[in-house]
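Student: Numbering (the numbering used here), first residue to last: 401 to 725.
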Amino acid sequence: MNNFWKASPEVSEGLTRVQKRLRTELERLPTALKAPLRRLIDNPGKGLRPGLVFLAAASGEPRSSVDDLAAAAELLHLASLIHDDIVDSAGLRRGQKALHRQVGVPSALLYGDLMFAACFRLVSTEVSRPSASALAAIVTLMAGSELLQQQDLYRPHLSLRHVLRKTMGKTAALMSLCLYSGAVESGQDAPVCQIYRRVGYALGMAFQIRDDLLDFTSQERLLGKPVFNDLRHGVYSVPVVLALRREYQTGRNSLMRLLSSPAVNRPAVAHRAVALITAAGALTEAEQLVTLYTQRALHNLGALPIDPHRQVLHDLCQTLADRPR
401 MNNFWKASPE VSEGLTRVQK RLRTELERLP TALKAPLRRL IDNPGKGLRP
451 GLVFLAAASG EPRSSVDDLA AAAELLHLAS LIHDDIVDSA GLRRGQKALH
501 RQVGVPSALL YGDLMFAACF RLVSTEVSRP SASALAAIVT LMAGSELLQQ
551 QDLYRPHLSL RHVLRKTMGK TAALMSLCLY SGAVESGQDA PVCQIYRRVG
601 YALGMAFQIR DDLLDFTSQE RLLGKPVFND LRHGVYSVPV VLALRREYQT
651 GRNSLMRLLS SPAVNRPAVA HRAVALITAA GALTEAEQLV TLYTQRALHN
701 LGALPIDPHR QVLHDLCQTL ADRPR
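#1: Return the CA-CA distance between residue 500 and residue 710, expressed in angstroms with no decimal places.
#2: By Cβ distance, which residues of its chain are closer than 7 Å to residue 595, with the 5 residues on each side in sequence left out?
#3: Just the Cα atoms here: how many angstroms apart are residue 410 and residue 455?
#4: Whose C-alpha, out of 453, 405, 517 and 507, is nearest the C-alpha of residue 425?
#5: Exposed or buried, residue 473, counting other C-beta atoms within 10 Å across all chains shown (16 or more means buried)?
#6: Could you compute how far the alpha carbon of residue 432 sits from the alpha carbon of residue 511?
#7: Only counting the same chain, and skipping five residues up and downstream in sequence, which positions put a Cβ closer than 7 Å to that of residue 480?
#8: Could you check where the alpha helix (DSSP H) with residue 655 kicks off and where it finishes?
#9: Can residue 556 and residue 683 be called in contact, C-beta distance under 9 Å?
#10: So if DSSP puts residue 570 in a beta bridge, which residue, or which two residues, is it bridged to?
#11: Tell me whether residue 431 counts as near the ligand FAD, meaning its Cβ is closer than 8 Å to at least one heavy atom of that ligand.
#12: Return helix, strand or coil for residue 722, following the three-state DSSP convention.
#13: Can you tell me the Cα-Cα spacing of residue 401 and residue 648, whole angstroms?
#14: In whole angstroms, give me the CA-to-CA distance for residue 566 and residue 530.
#15: Under the DSSP definition of a beta bridge, which residues are partnered with residue 492?
Written as structure tokens, this is what we have:
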């Protein structure tokens with residue numbers, strides 16, 4: 401985690417404090433419940449969401465509420481991952497067995513709920529009311545977007561706008577909140593906070609579309625989770641919708657037929673669908689969307705006061721857009 405943030409000592413130090421807070425939250429649980437969550441907490445990812453909180457806050461005043469907010473953002477993210485893995489029937493998370501494969505679905509659901517509860521406990525004291533309220537609104541938006549995704553399973557007749565709206569709710573909204581609330585909690589001016597909100601939205605959109613692309617272009621050992629997983633479970637992301645749109649324009653419906661049935665869960669059918677998506681040029685078009693949203697993030701970033709932390713965020717936007725996993 402620290403290596404990812406090596407350009408920002410403030411963020412690296414903040415993430416170390418977040419890890420300590422997560423372990424403190426873990427110690428509140430009965431001993432018999434700790435082991436599965438300890439494995440998850442001790443195997444951190446990039447620390448992207450709490451890192452964004454610290455990065456925005458670094459340009460303002462140091463306040464203890466920033467640590468609470470960053471830890472809450474990570475707990476919210478981890479809780480959503482636990483629940484997402486259940487919904488998606490994912491077997492791997494960060495190179496390890498998904499929690500529901502370790503403890504069963506009922507227990508994993510409740511572990512996710514525990515982390516949601518810990519998240520809101522952390523923002524109930526020192527974190528400002530606007531930030532705490534925004535966090536609650538994000539949870540509603542994330543859950544609603546996941547419900548929409550469930551309703552859309554194996555439905556290839558989806559508009560790009562609809563899929564991008566779900567992308568916003570599932571991913572971009574939380575990243576936007578992290579930058580915005582980091583600026584709020586560190587006492588920065590309202591116009592500056594709004595700029596951070598816009599940067600986070602565009603960054604989150606680029607990040608998720610890149611994630612959608614990696615489902616087609618990466619390998620399981622690099623991602624730490626199965627490839628083609630969304631496609632095989634009827635979750636049709638941006639590249640799929642772009643391919644379907646191109647197919648419709650040419651009067652063909654081969655991909656549409658493949659995606660209209662749970663048969664796409666069979667490896668041979670999924671690989672045929674991937675071949676059609678690639679041949680349609682949809683992956684290239686999705687790459688262009690990643691570039692578009694990254695440019696939007698960088699454009700908004702240019703309106704922030706110049707300081708070293710802005711440059712770190714600038715470099716981060718480009719790194720995430722080009723990441724291989």
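From the three backbone atoms N, C-alpha and C, an ideal C-beta is built for every residue, glycine too.
Tutor: Well, looking at it:
#1: 39 Å
#2: 700, 703 and 704
#3: 8 Å
#4: 517
#5: buried
#6: 12 Å
#7: 542
#8: 654-659
#9: no
#10: In DSSP, residue 570 forms no bridge with anything.
#11: For the structure depicted, the ligand FAD is absent and the ligand set is empty, with no information on it obtainable.
#12: coil
#13: Model confidence at residue 401 stands at a pLDDT of 48, short of 50, so the residue's coordinates are unreliable and nothing is read from them.
#14: 24 Å
#15: 497
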